[in-house]
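For reference, the structure is listed below as structure tokens.
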Amino acid sequence: MRRPHSLIQSKSNQQGFALFIVLMMMVAIALLVVAAMQSYNTEQRISTNDADRKLAFSLAESALREGENAILNLPDSVTFNDNCENGLCRAANTAEKTGSIKITGTSNVEAWLRKCGDKLCIDTKGKEYPKDAKVSLPNGVSKNPRYIIEYVSNSSTGANIYRVTAKAWGKNDNTTVMVQSYVSNE
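Heads up: the sequence shown begins at 126 in the numbering used here, then just goes up one per residue.
As structure tokens, then:
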């Protein structure tokens with residue numbers, strides 16, 4: 126009598142090849158998931174840093190406009206010096222001058238790069254924006270924006286030329302933006 130042929134093989138004949146294939150597929154899928162998560166995290170960091178830079182740029186522009194408006198309200202007698210007292214700085218390599226606009230100092234370093242002590246003058250002596258409580262900054266900004274005004278020269282038409290430099294920080298203290306403009310005041 127013949128024995129019926131069984132579809133089930135005995136345990137001694139099994140090789141375990143299917144288990145190996147499934148484990149390799151699981152490892153490959155896990156690697157794909159890890160790579161996708163790293164890409165997502167990188168994109169998220171990039172977009173967060175970009176948003177922080179745009180915030181700082183917007184604040185710097187606001188401080189710059191405040192500085193430009195402050196030029197219109199400068200007193201008749203004003204002093205620009207190397208130490209940037211009251212946010213008024215002497216521009217690098219400008220000659221000393223007397224009169225209603227006094228310029229004192231000898232520094233050949235640009236005002237926005239000049240140090241007052243161990244920090245930049247714009248960081249410590251610059252005028253802080255906003256100057257009144259009516260304007261509020263977004264929550265979480267690491268520092269208020271600051272601006273300085275430099276007397277550059279007197280034009281041939283008799284107008285005074287000033288340079289305004291503004292610096293702002295984002296929510297991250299390492300995110301800084303600096304912008305400048307030139308203003309003529311007749």
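Beta carbons are placed, not taken as given, at the ideal position from N, Cα and C, and that holds for glycine.
What residue range is occupied by the uninterrupted alpha helix (DSSP H) comprising T249?
Sequence index remark: in the sequence shown, residue 249 carries index 124 (1-based). That run of the alpha helix (DSSP H) goes 246-249.
What are the uninterrupted segments assigned as beta strand (DSSP E) that are 3 or more residues long and contained completely in the region 131-214, given in chain order?
203-205
Please classify E275: does DSSP put it in a helix, a strand, or coil?
Mapped onto the sequence shown, residue 275 falls at position 150. Strand at E275.
Going by CA-CA distance only, name the one from S225, I274, A176, A160 that's closest to N297.
Here the question's residue 297 lines up with position 172 in the sequence shown. Nearest option by C-alpha distance: A176.
Own chain partners of V304 with C-beta closer than 7 Å, once the 5 adjacent residues on each side are dropped:
Position 179 of the sequence shown, counting from 1, holds the residue named residue 304. Excluding positions up to five away in sequence, the list reads A185, E186, L189, A291.
Please tell me whether I286 and G212 are closer than 8 Å, where the distance is taken between their beta carbons.
Translated into the one-based positions of the sequence shown, residue 286 becomes position 161. Translated into the one-based positions of the sequence shown, residue 212 becomes position 87. Contact: no.
Less than 8 Å between the C-beta atoms of T229 and R239, yes or no?
Walking along the sequence shown from the start, residue 229 turns up at place 104. Walking along the sequence shown from the start, residue 239 turns up at place 114. Contact flag unset, no.
Can you look up V324 in the DSSP assignment and give me helix, strand or coil?
Look at the range of the chain in this structure, 126 to 311, and you will see that residue 324 is not part of it.
What would DSSP say about K227, mapped onto helix, strand or coil?
Counting from 1 along the sequence shown, the entry for residue 227 is found at position 102. Residue state, collapsed to three classes: strand.
Start and end of the beta strand (DSSP E) containing S309?
One-based indexing of the sequence shown puts residue 309 at position 184. Unbroken beta strand (DSSP E) run through S309: 301-310.
Alpha-carbon spacing of T204 relative to P263, whole angstroms
Translated into the one-based positions of the sequence shown, residue 204 becomes position 79. Translated into the one-based positions of the sequence shown, residue 263 becomes position 138. Roughly 34 Å separates the two Cα atoms.
Confirm, please, whether the CB-CB distance from I196 to V308 is below 8 Å.
Position 183 of the sequence shown, counting from 1, holds the residue named residue 308. Position 71 of the sequence shown, counting from 1, holds the residue named residue 196. Closer than 8 Å, so yes.
How long is the line joining the alpha carbons of D207 and D248, rounded to whole angstroms?
Within the sequence shown, numbered from 1, the residue matching residue 207 stands at position 82. Within the sequence shown, numbered from 1, the residue matching residue 248 stands at position 123. Distance between the alpha carbons of D207 and D248: 14 Å.
Which residues in the same chain have their Cβ closer than 7 Å to the Cβ of S306, if we skip the five residues on either side of it in sequence?
For the purposes of this step, residue 306 is taken as the residue at position 181 of the sequence shown. Answer for S306: L189, E193, V289, listed in chain order.
Cβ-based neighbour list, S210, same chain, cut-off 8 Å, excluding 5 preceding and 5 following:
In the sequence shown, the residue the question calls residue 210 occupies position 85. Note on residue identity: the sequence assigns Glu, not Ser, to residue 210. T204, K250, listed in sequence order.
Sort N166, W237, T167, N279 by Cα distance to E221 and report the nearest one.
For the purposes of this step, residue 221 is taken as residue 96 along the sequence shown, with counting starting at 1. Closest option to E221, Cα to Cα, is N279.
Classify E221 as helix, strand or coil using the three-state DSSP reduction.
For this step, residue 221 is matched to residue 96 along the sequence shown. The answer is coil: DSSP assigns E221 none of H, G, I, E or B.
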